[in-house]
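K.L.:
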Amino acid sequence: MRRPIFRGTQASALALLHRAEVLHLATTTPGGAPVLRALDGAVLPDGVYFHGARTGEKALCMGRAAVVSAVELVAHLPSWMSHPTRACPASTLYRSVQVHGTLREVEAPAEKARALEALMQRWQPEGRYDPVDPADPQYQGELSGTLVFAVPFESVDCKEKLLQNKEPEQILAILAGLWRRGQPGDVEAIEAVRAANPSVPAPPFLAADGVRLHAALPEEEIPAVEALLRDEYWWGPETAPLIAGAHRAATAWVGAREPGGALVASARAMSDGKTAWIYDVVVASSHRGRGLGKRLMTLLLDHPAVRHAPAVMLATRDAQGLYARFGFADKAQEPKRWPTMTDMVLRRGRG
Ligand SMILES: CC(C)(COP(=O)(O)OP(=O)(O)OC[C@H]1O[C@@H](n2cnc3c(N)ncnc32)[C@H](O)[C@@H]1OP(=O)(O)O)[C@@H](O)C(=O)NCCC(=O)NCCS
């Protein structure tokens with residue numbers, strides 16, 4: 268039994284099973300030998316489904332107790348984030364899920380088709396095939412010949428080890444440590460720890476009046492970013508469909524949410540470590556003129572992906588005053604660093 272503070276919800280368990288690139292199946296043969304296999308499975312509301320060969324080892328294990336697991340590393344925490352000298356506080360943050368159920372063969376053609384269709388949707392979301400339908404003659408051979416397995420959700424156990432057992436000041440020290448370390452995944456780990464510990468106040472680097480600042484962009488927030496930017500002058504009808512991809516590809520993103528949850532500010536940067544480019548700084552018109560643009564820029568310039576870049580660039584039609592206060596200057600007024608170089612561009616369509 269999990270310690271209750273670490274227990275994740277059923278919804279987070281299912282989400283983790285869906286996100287996992289690879290699932291693992293543990294079971295035993297009738298002779299009691301352990302079996303462990305990596306699975307390319309599909310997760311349906313009642314269980315995990317996968318296919319295999321009638322001659323394979325898994326086929327021997329029908330009717331036996333099985334466990335399907337998935338795990339997601341959130342961050343390795345070095346000891347120095349918690350204690351200056353002792354090794355013991357070193358730890359790992361992670362999410363894991365274990366499904367217990369009895370391995371069974373899926374025999375009904377409609378259920379088989381549903382499982383195989385779910386596998387197709389997982390690995391070929393672009394479609395371009397006829398749906399797997401038991402009434403479709405082109406699939407009848409495969410449907411009868413393919414062995415489909417299910418591990419039904421008899422019990423689902425989810426663990427999220429995200430510092431829920433720590434005191435607020437210990438959590439704040441670790442959040443500050445992750446922000447300063449800034450390895451890939453550390454800003455996402457900060458958001459995960461904050462979500463799991465909602466009573467802990469914002470760490471100083473994310474503190475703001477009246478809004479909640481964020482430094483990692485979850486996929487489900489992308490439509491809100493699109494809504495903020497779609498009508499800005501530098502995006503047009505042809506390029507607006509590129510907003511989502513541009514934000515997924517960003518090396519840094521910062522944003523602000525109202526206490527109620529609506530996204531009210533967003534900015535992103537692309538950095539190769541030598542030069543960082545800042546793009547798409549926007550504050551919702553309802554929230555302008557209250558210092559949020561400044562707070563967002565302070566956070567973005569301190570973001571681990573941006574803070575060490577020797578040059579930070581941006582181009583803007585207005586609000587130059589906002590950027591000047593951070594030290595940005597009109598590049599055209601600078602002597603050219605490489606007088607013989609020409610800035611060049613290839614334009615495609617209206618991009
Ligand atoms: C520009 C923008 C991000 C500023 O956000 P904001 O939250 O209103 O800014 P702040 O309240 O933090 O103000 C910051 C400072 O910049 C100045 N400033 C803000 N917008 C400005 C503008 N359009 N022109 C000139 N100065 C501006 C403010 O006067 C303020 O200066 P102060 O501290 O000396 O009073 C916001 O107005 C916006 O989203 N505009 C539309 C999108 C845009 O033009 N983005 C910039 C191009 S990349």
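Heads up: the sequence shown begins at 268 in this note's numbering, then just goes up one per residue.
Virtual Cβ for every residue (Gly too), placed ideally from N, Cα, C.
(1) Using only alpha-carbon positions, find the residue among W501, V335, E455, A402 that is nearest to A305.
(2) Take E505 as the anchor and find which of R574, G616, S349, I272 has the nearest alpha-carbon.
(3) Report buried or exposed for W520, applying the criterion of at least 16 other Cβ atoms within 10 angstroms of its Cβ.
(4) Measuring alpha carbon to alpha carbon, tell me which of D313, P301, V315 ends up nearest E324.
(5) Closer than 8 Å is the cut-off here; do at least three beta carbon pairs connect the region 373-388 with the region 455-473?
(6) Determine the direct distance from the alpha carbon of G308 to that of A287, and round the result to whole angstroms.
(7) Can you tell me which residues fall inside 5 Å of ligand 1, judged by beta-carbon distance to its nearest heavy atom, and keep chain order?
(8) Work out the CA separation of A523 and A469 for me, nearest whole Å.
(9) How close, in whole Å, do the beta carbons of P652 and E384 come, if the pair is a contact with beta carbons under 8 Å?
(10) Considering only the beta carbon of each residue, do F420 and G477 sit closer than 8 Å?
(11) Determine the burial state of E427: buried for a count of at least 16 other Cβ atoms within 10 Å of its Cβ, exposed for fewer.
(12) Just the C-alpha distance for Q405 and T296, rounded to the nearest angstrom, thanks.
(13) If you scan the region 437-495 from start to end, which runs of the beta strand (DSSP E) of 3 or more residues do you find wholly inside it?
(14) Between I545, A482, A443, which has its C-alpha nearest V454's C-alpha?
(15) From this set, E434, D585, R321, L292, which residue's C-alpha is nearest P331's C-alpha?
(16) Scan the region 500-532 and note each continuous alpha helix (DSSP H) run of 4 residues or more that stays entirely inside, going in chain order.
(17) At a cut of 8 Å, does the region 340-354 reach the region 269-289 through at least three beta carbon pairs?
(18) Starting from the Cα of E493, find the closest Cα among S533, I457, T583 and give me that residue.
P.N.:
Taking the definition as stated:
(1) V335
(2) G616
(3) buried
(4) P301
(5) no
(6) 10 Å
(7) V548, V549, V550, R555, G556, G558, L559, G560, K561, T583, D585, A586, G588, L589
(8) 12 Å
(9) In the structure displayed, the chain extends from 268 to 618; residue 652 sits before or after that span and is not available.
(10) no
(11) buried
(12) 34 Å
(13) 479-481
(14) A482
(15) As written in the sequence, residue 331 is Arg, which differs from the Pro given in the question. Checked all of E434, D585, R321, L292; the closest Cα to R331 is L292.
(16) 510-515
(17) no
(18) S533
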